[in-house]
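Peer 1: 1 is the number of the first residue of the sequence shown in the working numbering; add one for each residue after it.
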Amino acid sequence: MTSIQGCAVATVTATTTTVRASKARAAARAVRSHGVRRAARGTTTTRAMPVGEPVVCEQHFLRLDDFTKEELWALIERAASEKKRLQSGDRSFKPFAGKTMAMIFAKQSLRTRVSFETGFKLLGGSAIYLGPDDISIGKREATKDISRVLSRYNDIIMARLFSHNDIEELAHNASVPVINGLTDYNHPCQILADALTIYECLGKLEGIKIVYVGDGNNIVHSWLNLARVIPIHFVCACPEEYTPDEKTLEEARAAGISTIEISHDPDEAVKGADVIYSDVWASMGQKHEAEQRKRDFQGFQVDGDMMRATPNAIFMHCLPAERGLECTDEVLEADYSVVFQQAENRMHAQNAVMLKLLNC
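(1) Do Asp274 and Lys209 have their C-beta atoms closer together than 7 angstroms?
(2) Between the Cα of Arg184 and the Cα atoms of Tyr199, Ile257, Ala159 and Glu200, which residue gives the shortest distance?
(3) Distance check for Ile230 and Lys69, CA to CA, integer angstroms please.
(4) So what does Leu130 bridge to, in DSSP terms?
(5) Could you work out which residue in Met103, Asn154, Asp155 and Gln286 is closest to Ile135 when comparing CA atoms only?
(6) Indicate the three-state DSSP secondary structure (helix, strand or coil) for Arg41 in the structure shown.
(7) Secondary structure at Lys69, three-state DSSP: helix, strand or coil?
(8) For Ala79 and Ala349, which I take to be in contact (beta-carbon distance under 8 angstroms), what is that distance rounded to the nearest angstrom?
(9) Tell me Leu233's beta-bridge partners as DSSP assigns them.
(10) Ser218 by DSSP, collapsed to three states: which one?
(11) Looking only at C-alpha atoms, which of Thr243, Trp281, Asp145 and Gly207 sits nearest to Ile257?
(12) Could you give the distance in angstroms between the alpha-carbon of Asp305 and the alpha-carbon of Pro244?
(13) I'd like to check one pair, Met347 with Gly124: are the Cβ atoms closer than 7 angstroms?
(14) Please report how far the alpha carbon of Asp215 lies from the alpha carbon of Ser92, in whole angstroms.
(15) Could you have a look at Glu246 and say whether DSSP puts it in helix, strand or coil?
(16) Can you tell me where the beta strand (DSSP E) holding His317 begins and where it ends?
(17) Spatial neighbours of Lys83 within its chain, please: CB distance less than 6 angstroms, with the 5 preceding and 5 following residues excluded, ordered by chain position.
(18) Output the distance between the C-alpha atoms of Ala236 and Glu71, rounded to the nearest integer angstrom.
(19) How long is the line joining the alpha carbons of Leu170 and Phe105, rounded to whole angstroms?
(20) Does the stretch 218 to 233 come close enough to the stretch 187 to 194 that 3 or more CB-CB pairs lie under 8 angstroms?
(21) For the stretch 109 to 116 and the stretch 135 to 153, state whether three or more C-beta atom pairs, one from each stretch, are separated by less than 8 angstroms.
(22) Suppose the cutoff is 6 angstroms on Cβ atoms and the five residues either side in sequence are ignored; what does the same chain contact list for Ser337 look like?
(23) Let me confirm a value: Thr310 is counted as buried when at least 16 other C-beta atoms fall within 10 Å, else exposed. Which label applies?
(24) Between Val56 and Ser175, how many whole angstroms is the CB-CB distance? I'm expecting something under 8 angstroms.
(25) To which residues of the same chain is Ala142 closer than 6 angstroms at the C-beta, ignoring the five residues directly before and after it?
(26) What is the residue span of the beta strand (DSSP E) that Ala352 lies within?
(27) If you reduce the DSSP assignment to three classes, tell me which class Cys327 lands in.
(28) Need the endpoints of the beta strand (DSSP E) that Ala159 sits in, please.
(29) In chain order, what residues of the same chain lie with their CB nearer than 6 angstroms to the CB of Asp296, ignoring the 5 residues before and after it?
(30) Just how far apart, CA to CA, sit Gln342 and Tyr129?
(31) Could you tell me the boundaries of the beta strand (DSSP E) in which Tyr277 lies?
(32) Out of curiosity, what's the CA-to-CA distance linking Ser109 and Asp265?
(33) 7 angstroms is my cut-off, CB to CB: does Gly89 come that close to chain D?
(34) Near Leu358, what residues of its chain come up, given a Cβ to Cβ distance below 8 angstroms and the 5 sequence neighbours on each side ignored?
(35) Find out if the Cβ-Cβ distance for the pair Arg246, Trp281 is shorter than 7 angstroms.
(36) Tell me which same chain residues have a C-beta within less than 7 angstroms of the C-beta of Asp133, skipping the five on either side of it?
Right under this line is the structure:
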């Protein structure tokens with residue numbers, strides 16, 4: 001009996017030893033797989049794990065002349081097809097399911113925020129709004145650090161900023177695509193939407209005479225960027241002290257494919273125009289100059305008389321508009337005004353950009 005009990009004890013001991021050994025091997029495998037090792041009852045220690053450095057993304061949407069003519073036309077055509085699909089009521093295409101977009105806003109926004117957020121959601125994704133109180137680009141935290149952090153959390157970043165240098169630094173350090181939602185230098189999403197709108201209304205874009213009346217601002221710079229790639233006739237009618245950036249102007253002319261003019265006589269400039277385009281005289285960040293600009297831009301208002309002198313032209317405005325200043329109510333509400341079609345097309349154009357950048 002004693003020997004039987006001894007055998008039983010020996011068997012139990014051997015079994016216990018085997019179980020412990022099995023657990024030890026399992027723990028060792030866990031260490032190799034997860035970098036965590038059980039040190040003592042109730043405590044853990046963490047072993048450093050090698051982490052690969054994210055590859056910097058090379059595909060962004062910062063300015064229109066970063067793309068070829070074929071690429072821009074592909075974006076316009078994709079925007080048109082996506083618009084047609086959504087207008088048909090088809091909401092089944094969800095390529096962004098499980099994806100997130102960080103949206104950085106240093107400037108207040110209506111169209112940019114709503115069009116991006118709605119568009120991304122319609123395609124199945126989720127967008128995160130980060131306003132000035134959440135992120136102060138280059139102030140509370142280095143821009144390159146913000147870029148790296150957001151790249152770890154999100155699939156794509158959109159930013160509406162003041163300085164163009166900031167959007168370039170954001171893109172330079174990002175491992176996901178970055179979209180320029182607007183800077184003080186340019187507004188590529190707006191002009192892509194405008195190109196779609198002109199194509200819808202006039203049936204073509206190449207060779208169209210577009211006359212912009214007002215300040216030589218970021219809208220003008222993006223039209224000049226486009227003129228380096230797609231042949232158009234672009235005229236900026238502005239006061240002498242409000243001409244566009246000289247380097248951007250020279251680059252557009254040097255491309256040699258578009259007719260580029262600067263005029264200080266709006267009534268002369270709009271002759272033969274297919275499109276008359278207006279924008280606010282004082283952009284965000286320039287409101288302290290508003291009264292001076294009102295004086296400087298006398299004679300540069302787009303009114304009914306100007307439009308009647310060009311009976312075949314459509315009227316465009318990127319909004320928001322200061323009715324009664326750069327353009328009149330009569331012009332904004334006329335049948336030739338396509339400003340709300342433009343506003344709608346922001347979403348469709350941006351959807352096309354996001355689909356391209358996320359390879360969908």
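For every residue, glycine included, the Cβ atom is placed at its ideal position computed from N, Cα and C.
Peer 2: Considering the structure as presented:
(1) yes
(2) Sequence check: residue 184 is Asp here, not Arg. Looking at the Cα atoms, Ala159 is the closest of the given residues.
(3) 6 angstroms
(4) Ile104
(5) Met103
(6) Confidence in Arg41 is poor, its pLDDT being 46 and thus under 50, which makes the residue's placement unreliable; the coordinate value appears in the next sentence. Coil at Arg41, not helix or strand.
(7) Correct three-state label for Lys69: helix.
(8) 5 angstroms
(9) A small correction: the amino acid at residue 233 is His; Leu does not occupy that position in the sequence shown. According to DSSP, which records beta bridges pairwise, His233 is partnered with Lys209 and Thr259.
(10) Checking the sequence shown, residue 218 turns out to be Asn, not Ser. If DSSP states are grouped into helix, strand and coil, Asn218 belongs with the helices.
(11) Gly207
(12) 26 angstroms
(13) no
(14) 42 angstroms
(15) helix
(16) Ile314 to His317
(17) Result list for Lys83: His348, in chain order.
(18) A small correction: the amino acid at residue 236 is Cys; Ala does not occupy that position in the sequence shown. Going by the C-alpha atoms only, they are around 26 angstroms apart.
(19) 13 angstroms
(20) yes
(21) Judged by pairs of C-beta atoms under 8 angstroms, the stretch 109 to 116 does not touch the stretch 135 to 153, as fewer than three such pairs exist.
(22) Apart from sequence neighbours up to five positions away, the residues of its chain that approach Ser337 with a beta-carbon distance below 6 angstroms are Phe315, ordered along the chain.
(23) buried
(24) In this structure Val56 touches Ser175 by the C-beta definition: roughly 6 angstroms separates them, less than 8 angstroms.
(25) Taken in chain order, the list of residues that qualify is empty.
(26) Counting along the chain, Ala352 falls outside any beta strand (DSSP E), though it belongs to the alpha helix (DSSP H) covering Val339 to Leu357.
(27) strand
(28) Ile156 to Arg160
(29) By the criterion of a C-beta distance shorter than 6 angstroms, Asp296 is surrounded in its chain by Pro239, once the five residues flanking it on both sides are discounted.
(30) 23 angstroms
(31) Val275 to Ser278
(32) 32 angstroms
(33) Structure shown: chain D not included; a single protein chain is present.
(34) If we look at Leu358 and ignore the five residues flanking it on each side, its Cβ neighbours are Pro95, Phe96, Lys99, Asp155, Ile156 and Pro177.
(35) According to the sequence provided, residue 246 is Glu. The question's Arg does not apply to it. Contact flag unset, no.
(36) Nothing meets the Cβ criterion.
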